[in-house]
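Below is one structure, written out as C-alpha cells, with a few remarks after it.
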Amino acid sequence: MSLRESPFSNGVLEALHAVGWGLIFPCFWFLDRLIANCIFTSLEREQRRVELLPLQVIFGSILFFILFLISTPFALLGFVLWAPLQAVRRPFSYHQQVPIIPMEDRNARWEETDKVSFGFVSANLCLLPDGLARVNNLRHTQQRAETIGQNIVQGVTRPHIRIFVDSPSSCGTVTPSSSLLPQAAPSTYGSVDPAAGPMEGAEPDGNIPNSSSRNSVASSEEPDGPKPNCNQNSNQHGSQVHRHPPRALRTLFRDSDVPMEVSALFPSTVDIVCLEEVFDKRAAFKLMRALGPLYGHVIYDVGVYAFQPPGACSSFKFFNSGLFVASRFPVIEARYNCFPNGCGEDALAAKGLLSLKVEIGLQKGDKKMVGYFNCTHLHAPKGHGAIRFEQLNMLTKWINEFQAGTKEADEMVVFDVLCGDLNFDNSSPDDNLEQRHGLFEDYRDPCRAGPGQEKPWVIGTLLEQPTLYQENMRTPDNLQRTLEREELRRGYLSSPVPMTGVPMIYPKPDQPWVGRRIDYLLYRENSISSLCKTEVEEFTYVTQLAGLTDHIPVGFRLGVKLGSEDI
C-alpha cells in the first residue's frame, strides 16, 4: 500500500495551510535577513573590506527591521489560520515519481549469487534558515541545498570501476580526469573554490594501485565483460577503464575488519540517503526536486509544528525534526515519533525518530523482500548525556513497536538500519553514559571496538567550524587529503570532550587520534530473516560536501547472504 503524498487528508486543509504559511513567510524571511545581515562567516570577513561591514550592518538592519514590522500583522493573521491546522497534519510529506535518472542496479543478478547488497548514506547538512546557519559559519542555505543535491546525484550515479595496473609504469603518467562522471553545473556558492565546481574529481598527484596493491580496490565492482588494459581509448562507450581515473576512485584499506575509504565522491549506487538538519522548508523542497528524479521516493518536512498535546512533545516547535530521506524503494509504512524531553534551544526543533518500511521489489520463494530503515537526530548540547540516554531508550522502544506492528508473514526482512546524528561520540569521557547504552548490544556499529574505544581506522565526523574555509578544508580533494593524514586532521576535527573538572589524556598511548564521531550508521541482524547473514562490504567517509556543511557524511554498504529458506 502506497503512502498518501500530502500531509493533509484533503485539498481544502492543504490550501488553508498554504495560505496561512504564505502570510507568515514574508515576516519570517525579513527576520531571517535581519539576523543574517549582522552575522558574517569567516570567508566573508576575509573577502570583504572590514571598514564597510559596520555600514552594511547599520543600513541593512534598519531596512529589514522596518519590513519586519510592516509584515508582522499579516504574519499574526496567518498564524491564527496556520497553527490550528498542525493538529490534523500528518508529520511528514511524501513525494513519489518515476525515476528518470538512471542508476546501476547492484542486485540485478542476485538469484545467481543468492546475495543482495544495499548502500546507505547519512549526512548532517546544517540547512537552517540563513541567519541561524551563519552562527555555524555557513551561509546561503538555498544555494547550498541546490549544490548538495547536485553533488549527491553526481556521486551516486558514477560507475563502479576496478582498475588493473600491472606495474607503476605501464600506464604512463597519471593526470586528473573526471570525464567518467556525470557533470553538474558549476557552482557559484562562495564557500567552494569556483574553479573546482561542486566537486573536484582528482588531483595531480592522484595514486593508482600497482600490482602489489591490486586488492586495495576490492570494494569497487568490476563491470561485466573482459578486463580492458589501460591503453584502451578512454572515450569508448561501455565499461572501459579510464586511463586517468579520478583520485576519488582510489580506495584506502587499513589493517581492519572493514574495507574503508575516504572518498571525494559519494559512494556509487546508494539506495537510501538520510539527511539531518534540513530544517528550512525551501531547502527541503530543493533537495526533493534534486533527488526525486533519481530516487523516486522522498520523505521530507518531517516533524510537528506549533503547540502539541501535553506529553507528546516539549514546548512550542518553531522547526521540524530536520530529517529527510530519499529512497530507491517504495515506502509502504512510515511513522514519526517526537522526543518529549528536549530542553533549552534544542526544544525549539521537533527532533525525533522517523521509521520506514520499504519494499525492495524482489521475491524469494513466496516471500517478498522488505527492509526497515530508521533515522534520528538526538539532543545536541554538551553535558546533557542523561537526556540523550533517555532518547536512546525511546528509540529502542519505538523501533521495536513499529516493526512488531508492521511485519507480515509473507515478508522476508533483509535489512534493519539505524542512522543519524546522535550528538555524542565514542571517545569523549563526557559521553560515557551514552557510550554504554544497550542500543549498541542490539545494533552493530562497524566503527566501534567497545564502549569508549574506536577501531584504529575510524575518523571523526564533526568539523571545527572556524576552519571550514581554510585551504586544507575548502575543496573535496583537500579535505580528503586532510582526513587521510592523522597529523593534519587533528587540527580540523573537533576534539573529544573531557568530563567537567577531570583532566583528559587523549589519545591514549599507542592509539590514533580520531576526533568526535557523532554521525552513525548501525545495523542489526536479530530482527531480519533468520537465515540471512549480514556483513559490511565497505565503509566510506565522504568529502564531496567540503565547504557546504560542518559534518563529514558517512556511508556503508551491507551485503546480505540469503538462506535457502526462511524459518
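Residue 962 in the numbering used here is what sits at position 410 of the sequence shown, and the numbering runs on without skipping anything.
We treat Cβ as the ideally placed atom computed from N, Cα and C, and that holds for glycine.
Of the residues the options, which one's Cα is nearest the Cα of residue i?
{"i": "Gly572", "options": "Gly563, Trp581, Phe631 and Asn952", "result": "Phe631"}
{"i": "Val877", "options": "Pro861, Gly855, Tyr995 and Met812", "result": "Gly855"}
{"i": "Ser623", "options": "Trp581, Val650 and Leu607", "result": "Trp581"}
{"i": "Asp918", "options": "Met964, Lys959 and Ala836", "result": "Met964"}
{"i": "Glu656", "options": "Ser669, Glu993 and Gln648", "result": "Ser669"}
{"i": "Lys667", "options": "Thr1101, Glu1087, Asn689 and Phe976", "result": "Glu1087"}
{"i": "Leu680", "options": "Phe620, Asp853 and Pro625", "result": "Asp853"}
{"i": "Pro933", "options": "Gly896, Met946 and Leu947", "result": "Gly896"}
{"i": "Gln695", "options": "Ala639, Leu677, Gly904 and Gly574", "result": "Leu677"}
{"i": "Arg1068", "options": "Met1025, Leu1015 and Glu1089", "result": "Leu1015"}
{"i": "Pro1061", "options": "Pro1008, Pro606 and Glu557", "result": "Pro1008"}
{"i": "Met812", "options": "Ile1011, Gln915 and Val640", "result": "Ile1011"}
{"i": "Asp1102", "options": "Pro643, Ser558 and Ile700", "result": "Ile700"}
{"i": "Thr593", "options": "Tyr1044, Tyr1021 and Met1051", "result": "Tyr1021"}
{"i": "Glu885", "options": "Tyr646, Lys916 and Arg600", "result": "Tyr646"}
{"i": "Ser1079", "options": "Pro1018, Ile652, Glu953 and Arg1041", "result": "Glu953"}
{"i": "Val922", "options": "Asp968, Asp898, Ile951 and His929", "result": "Asp968"}
{"i": "Ser980", "options": "Arg1000, Val1049, Arg996 and Met1025", "result": "Val1049"}
{"i": "Val1054", "options": "Phe992, Arg1000, Gln1017 and Asp982", "result": "Asp982"}
{"i": "Phe644", "options": "Ala660, Trp1065 and Ser561", "result": "Ser561"}
{"i": "Gly1004", "options": "Asp994, Gly990, Pro1018 and Asn984", "result": "Asn984"}
{"i": "Leu604", "options": "Glu1038, Phe617 and Cys590", "result": "Cys590"}
{"i": "Leu555", "options": "Leu908, His929, Leu930 and Glu1023", "result": "Leu908"}
{"i": "Asn1024", "options": "Gln1017, Glu1038, Thr1013 and Tyr1044", "result": "Tyr1044"}
{"i": "Thr928", "options": "Gln1017, Lys903, Thr709 and Gly1115", "result": "Lys903"}
{"i": "Gly990", "options": "Arg940, Leu1031 and Leu1035", "result": "Arg940"}
{"i": "Gly1002", "options": "Glu1036, Ile824 and Asp977", "result": "Asp977"}
Terminal residues of the continuous beta strand (DSSP E) containing residue i?
{"i": "Lys833", "result": "Taken as a continuous stretch (DSSP letters only), Lys833 belongs to no beta strand (DSSP E), being part of the alpha helix (DSSP H) at Lys833 to Tyr847."}
{"i": "Ala1001", "result": "Arg1000 to Gly1002"}
{"i": "Glu828", "result": "Ile824 to Glu828"}
{"i": "Glu963", "result": "Glu963 to Asp973"}
{"i": "Gln648", "result": "Ser645 to Gln648"}
{"i": "Phe1108", "result": "Val1106 to Lys1113"}
{"i": "Phe670", "result": "Lys667 to Asn676"}
What span of residues does the alpha helix (DSSP H) with residue i cover, start to end?
{"i": "Ile951", "result": "Gly937 to Thr958"}
{"i": "Asp1029", "result": "Pro1028 to Glu1036"}
{"i": "Phe582", "result": "Gly563 to Ala588"}
{"i": "Leu991", "result": "Leu991 to Asp994"}
{"i": "Asp682", "result": "Asp682 to Ala685"}
{"i": "Arg597", "result": "Ser594 to Gln599"}
{"i": "His987", "result": "The residue asked about is misnamed: residue 987 is Gln in this sequence, not His. First-last of the alpha helix (DSSP H) with Gln987: Asn984 to Gln987."}
Mind reading off the beta-carbon distance from residue i to residue j? Whole number of angstroms is fine, and I expect it under 8 Å.
{"i": "Gly1111", "j": "Pro819", "result": "With a Cβ gap of about 14 Å, Gly1111 and Pro819 do not count as contacting."}
{"i": "Gly671", "j": "Val822", "result": "4 Å"}
{"i": "Phe890", "j": "Cys865", "result": "The sequence given here places Cys at residue 890; Phe does not occur at that position. Between Cys865 and Cys890 the Cβ distance is about 4 Å, and since that is below 8 Å, they are a contact."}
{"i": "Tyr888", "j": "Leu906", "result": "5 Å"}
{"i": "Asn505", "j": "Leu1097", "result": "Nothing about residue 505 can be reported from this structure: the residues present for the chain run from 553 to 1119 only."}
{"i": "Ser674", "j": "Pro998", "result": "About 13 Å; that fails the 8 Å criterion."}
{"i": "Glu828", "j": "Leu875", "result": "6 Å"}
{"i": "Arg1000", "j": "Glu993", "result": "Not really, about 11 Å apart at Cβ, beyond 8 Å."}
{"i": "Leu575", "j": "Ala627", "result": "6 Å"}
{"i": "Gly707", "j": "Leu817", "result": "4 Å"}
According to DSSP, residue i sits in a beta bridge with which residue or residues?
{"i": "Ile618", "result": "Beta-bridge pairing links Ile618 to no other residue."}
{"i": "Asp657", "result": "None; Asp657 has no bridge partner."}
{"i": "Met812", "result": "Phe1091"}
{"i": "Gln702", "result": "Paired residue(s): none; Gln702 is not in a bridge."}
{"i": "Val910", "result": "Val883 and Gly923"}
{"i": "Ala858", "result": "Lys869"}
{"i": "Cys890", "result": "Gly904"}
{"i": "Asp1071", "result": "Asp973"}
{"i": "Val850", "result": "His647 and Ala878"}
{"i": "Gln1005", "result": "Gly1002"}
{"i": "Leu1015", "result": "Leu1045"}
{"i": "Thr928", "result": "Leu905 and Gly972"}
{"i": "Lys1060", "result": "For Lys1060, which the question treats as bridged, DSSP gives no partner whatsoever."}
{"i": "His1103", "result": "Leu1014"}
{"i": "Gln915", "result": "Lys920"}
Cβ pair count under 8 Å reaching 3, the stretch 601-620 against the stretch 840-860:
no
Would you check if the stretch 953-961 and the stretch 1066-1078 touch, i.e. whether three or more CB-CB distances between them fall below 8 Å?
no
Any contact of the stretch 938-951 with the stretch 1087-1100, i.e. 3+ C-beta pairs under 8 Å?
Note that the stretch 938-951 does not touch the stretch 1087-1100; fewer than 3 beta-carbon pairs, one per stretch, sit closer than 8 Å.
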